[in-house]
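What follows is one structure encoded as structure tokens, with my remarks underneath.
Residue numbers (full-length UniProt numbering): 1 to 359.
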């Protein structure tokens with residue numbers, strides 16, 4: 001058995017102990033689910049992405065659906081080599097921050113969708129977030145679907161479960177999965193717009209209610225969040241229209257009609273978002289007008305009290321000039337008479353201003 005000293009000498013001869021190398025994270029660490037679907041039914045068992053696509057291509061039917069959550073470039077490159085994904089689409093899927101779009105690379109479709117989630121806030125501040133956004137990418141091929149999700153929300157477990165409950169729909173192939181994803185995303189848009197509508201209705205009631213104070217900054221913050229939702233919704237219209245109009249033969253006619261339905265729902269969302277933007281602009285104008293009116297009212301009150309106070313000040317100033325020959329300066333009742341005149345003038349001015357609603 002070698003001694004510790006001999007081991008140390010051997011290490012020094014070999015250049016010392018080598019630092020431990022970081023082992024690459026396996027693809028399975030980023031895979032949320034990997035399943036094979038044949039005739040709309042999920043095959044039992046646990047599959048790796050290579051075994052799954054090999055099984056599908058051996059059978060000559062069915063497709064693979066792989067779900068990923070925020071994979072690294074190193075991990076998704078393994079999938080890209082197996083499924084023949086284009087490098088530009090892979091780069092977009094890793095780094096995210098893309099606009100909703102639809103692109104075709106050879107025999108693969110690449111679609112980007114923005115996901116949103118509503119966050120309730122009791123009060124709005126500069127750091128408040130009402131609409132939280134994420135991203136969802138989908139690679140669709142003849143016999144596979146790969147979904148890449150960025151963000152903590154908008155999971156696809158519910159979509160997968162609903163499709164598995166409808167084998168006829170799932171049997172239409174990978175395009176049916178793409179429709180299910182798009183339909184789910186647009187449905188969340190509807191839910192978010194419903195919640196925002198309630199917030200705007202409450203804000204509108206506060207703006208037009210009498211003797212209520214609302215900060216214009218809150219409306220600006222709401223308008224900022226609506227713009228975030230707008231950037232997610234508006235660019236998606238063109239990709240859905242292209243899918244509904246037969247942009248690619250990978251989407252059969254049976255599925256195109258479903259995409260037309262999703263496009264109709266998206267049009268409803270777009271109209272709501274546009275109306276929110278216009279309504280918030282109106283509320284900003286109304287709030288500024290209300291603030292201006294309140295300032296004018298305050299100025300009238302201040303001016304009225306200044307007029308009331310200046311009357312006795314003027315009289316006192318005149319009789320404080322210390323001239324020898326002045327009316328009533330030697331009169332016994334001059335002092336109380338002057339006070340009476342001051343009080344009478346103040347009362348008369350107060351009644352006049354009150355009648356004119358300045359006070």
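Idealized CB from N, CA, C, for every residue including glycine.
Legend entry - Under 7 Å between C-beta atoms of residue 64 and residue 53: Stepping through the chain shown from its first residue, residue 64 is reached at position 64. Stepping through the chain shown from its first residue, residue 53 is reached at position 53. Going by C-beta atoms, residue 64 is nearer than 7 Å to residue 53.
Legend entry - DSSP-derived helix/strand/coil call for residue 250: Walking along the chain shown from the start, residue 250 turns up at place 250. Reduced to three states, the DSSP call for residue 250 is coil.
Inset, instruction - Leaving aside the five residues before and after residue 312 along the sequence, list all residues of the same chain whose C-beta is less than 6 Å from its C-beta, in chain order. - result: As a position in the chain shown, residue 312 is number 312, starting the count at 1. Cβ within range, chain order: 342.
Inset, instruction - Specify, as a first and last residue, the run of the beta strand (DSSP E) that residue 332 falls within. - result: Residue mapping note: residue 332 aligns to position 332 of the chain shown, counting from 1. Looking at the DSSP string, residue 332 is not in any beta strand (DSSP E), and its letter there is neither H nor E.
Legend entry - Cα-Cα separation, residue 180 to residue 279: The residue given as residue 180 occupies position 180 in the chain shown. The residue given as residue 279 occupies position 279 in the chain shown. Residue 180 and residue 279: Cα-Cα distance of roughly 32 Å.
Legend entry - residue 359 - containing alpha helix (DSSP H), residue span: Residue 359 sits at position 359 when you count from the first residue of the chain shown. Looking at the DSSP string, residue 359 is not in any alpha helix (DSSP H), and its letter there is neither H nor E.
Legend entry - First through last residue of the beta strand (DSSP E) which encompasses residue 137: Within the chain shown, the letter at position 137 stands for residue 137. 131-140 is the span of the beta strand (DSSP E), which, as asked, contains residue 137.
Inset, instruction - Could you check which residue in 109, 168, 136 and 221 has the C-alpha nearest to that of residue 284? - result: Looking up residue 284 in the chain shown gives position 284. Closest by alpha carbon: 221.
Inset, instruction - Under 8 Å Cβ to Cβ from residue 134, same chain only, skipping five residues before and after it: list those, please. - result: Taking the first residue of the chain shown as position 1, residue 134 is located at position 134. Same-chain partners within the cutoff: 114, 115, 116, 117, 149, 150, 151, 152, 153 and 154.
Inset, instruction - Taking all protein chains shown into account, decide if residue 331 is buried (16 or more other Cβ within 10 angstroms of its Cβ) or exposed. - result: Along the chain shown, read from residue 1 onward, the residue named residue 331 stands at position 331. Exposed, since its Cβ has fewer than 16 Cβ neighbours within 10 Å.
Legend entry - Nearest neighbour of residue 260, chosen from 247, 270, 240 and 172 [CA to CA]: As a working mapping, residue 260 is identified with position 260 in the chain shown. That would be 240, whose Cα lies nearest to the Cα of residue 260.
Inset, instruction - Please name the residue, chosen from 198, 67 and 50, that lies closest to residue 156 on a Cα-to-Cα basis. - result: Here residue 156 is taken as the residue at index 156 of the chain shown, counted from 1. Answer by Cα proximity: 67.
Inset, instruction - Kindly give me the distance between the Cβ atoms of residue 304 and residue 358, rounded to whole angstroms, as I take these residues to be in contact under 8 Å. - result: The sequence position of residue 304 within the chain shown is 304, counting from 1. The sequence position of residue 358 within the chain shown is 358, counting from 1. Right, their Cβ atoms sit about 4 Å apart.
Inset, instruction - With hydrogens ignored, establish whether the beta-carbon of residue 274 is closer than 6 Å to any heavy atom of the ligand FMN. - result: Of the ligands one can find in the structure shown there are none, so the ligand FMN has no counterpart to examine.
Legend entry - Rounded C-alpha distance that separates residue 78 from residue 176: The sequence position of residue 78 within the chain shown is 78, counting from 1. The sequence position of residue 176 within the chain shown is 176, counting from 1. Computed Cα separation, rounded: 25 Å.
Legend entry - DSSP bridge partner residues for residue 111 (one or two, in chain order): The residue labelled residue 111 in the question sits at position 111 within the chain shown. The partner list for residue 111 (beta bridge, DSSP) reads 102 and 138.
Legend entry - CA-to-CA distance, residue 243 to residue 202, given in whole angstroms: Stepping through the chain shown from its first residue, residue 202 is reached at position 202. Stepping through the chain shown from its first residue, residue 243 is reached at position 243. So the two alpha carbons sit approximately 38 Å from each other.
Legend entry - Simplified DSSP state of residue 41, which is helix, strand or coil: In the chain shown, residue 41 corresponds to position 41, counting from 1. Residue 41 falls in the strand class under three-state DSSP.
Inset, instruction - Ignore the nearest five residues each way along the sequence and tell me which others in residue 197's own chain have a CB closer than 8 Å to its CB. - result: The count along the chain shown starts at 1 and reaches residue 197 at position 197. So the list reads 272 and 276, once near-sequence residues are dropped.
Inset, instruction - Would you mind sorting residue 329 into buried or exposed? The rule is 16 or more other CB atoms within 10 Å of its CB. - result: Start at 1 with the first residue of the chain shown, and residue 329 comes out as number 329. Counting other Cβ atoms within 10 Å of its Cβ, residue 329 stays below 16 and is therefore classed as exposed.
Legend entry - Residues that DSSP places opposite residue 147 in a beta bridge: Here the question's residue 147 lines up with position 147 in the chain shown. Answer is 67 and 138.
Inset, instruction - Decide if residue 354 is buried, meaning its Cβ has at least 16 other Cβ atoms within 10 Å, or exposed. - result: For the purposes of this step, residue 354 is identified with residue 354 of the chain shown, where counting begins at 1. Residue 354 is exposed by the Cβ-count criterion.
Inset, instruction - Please state if the CB of residue 248 and the CB of residue 104 are separated by a distance shorter than 7 Å. - result: Within the chain shown, numbered from 1, the residue matching residue 104 stands at position 104. Within the chain shown, numbered from 1, the residue matching residue 248 stands at position 248. A Cβ-Cβ contact shorter than 7 Å links residue 104 with residue 248.
Legend entry - Contacting residues, own chain, Cβ-Cβ under 6 Å from residue 162 (five flanking each side not counted): Looking up residue 162 in the chain shown gives position 162. No residues qualify anywhere along the chain.
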